[in-house]
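Novice:
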Amino acid sequence: MLRAIGDKDYVLRGITIPSAQATGWPYHDGTLYAYVKRGPSSHFDATCASDGVHEKGTFP
Numbered sequence: 012m013l014r015a016i017g018d019k020d021y022v023l024r025g026i027t028i029p030s031a032q033a034t035g036w037p038y039h040d041g042t043l044y045a046y047v048k049r050g051p052s053s054h055f056d057a058t059c060a061s062d063g064v065h066e067k068g069t070f071p
């Protein structure tokens with residue numbers, strides 16, 4: 012779904028990642044905003060080091 016607010020376009024997407032699975036290395040054309048609907052969700056940096064665990068109801 013595409014939404015425009017002011018001079019910015021937003022693409023809204025819902026994805027489901029099964030428990031203990033990963034998305035791989037993603038690429039984003041712009042800023043990514045995420046919402047953890049059910050969690051927790053673990054995040055890893057470019058060196059594969061854990062740089063955060065995000066709980067349900069948070070915006071990582």
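Residue numbers (this note's numbering): 12 to 71.
Glycine is no exception: its CB is placed at the ideal position from the N, C-alpha and C atoms.
The structure presented is a predicted model; accordingly, all values stated were derived computationally and were not measured.
What three-state label does DSSP hand I28 in the structure shown?
Specialist: As a first step, residue 28 is located in the sequence shown; it is residue number 17 there, counting from the start. I28 falls in the coil class under three-state DSSP.
Novice: Tell me, please, whether the CB atom of A57 is closer than 8 Å to any CB atom in chain C?
Specialist: Looking at the structure shown, chain C is missing, and only one protein chain is on hand.
Novice: Hey, could you find the ends of the beta strand (DSSP E) R14 is sitting in?
Specialist: Taking the first residue of the sequence shown as position 1, residue 14 is located at position 3. Here the beta strand (DSSP E) through R14 covers 13 to 16.
Novice: If you compare alpha carbons, which of I26, Y21, V22, D20 is closest to S52?
Specialist: As a first step, residue 52 is located in the sequence shown; it is residue number 41 there, counting from the start. Minimum Cα distance to S52 is reached at I26.
Novice: Where does the unbroken beta strand (DSSP E) through F70 begin, and where does it stop?
Specialist: Start at 1 with the first residue of the sequence shown, and residue 70 comes out as number 59. Element bounds for F70: n/a, residue is neither H nor E.
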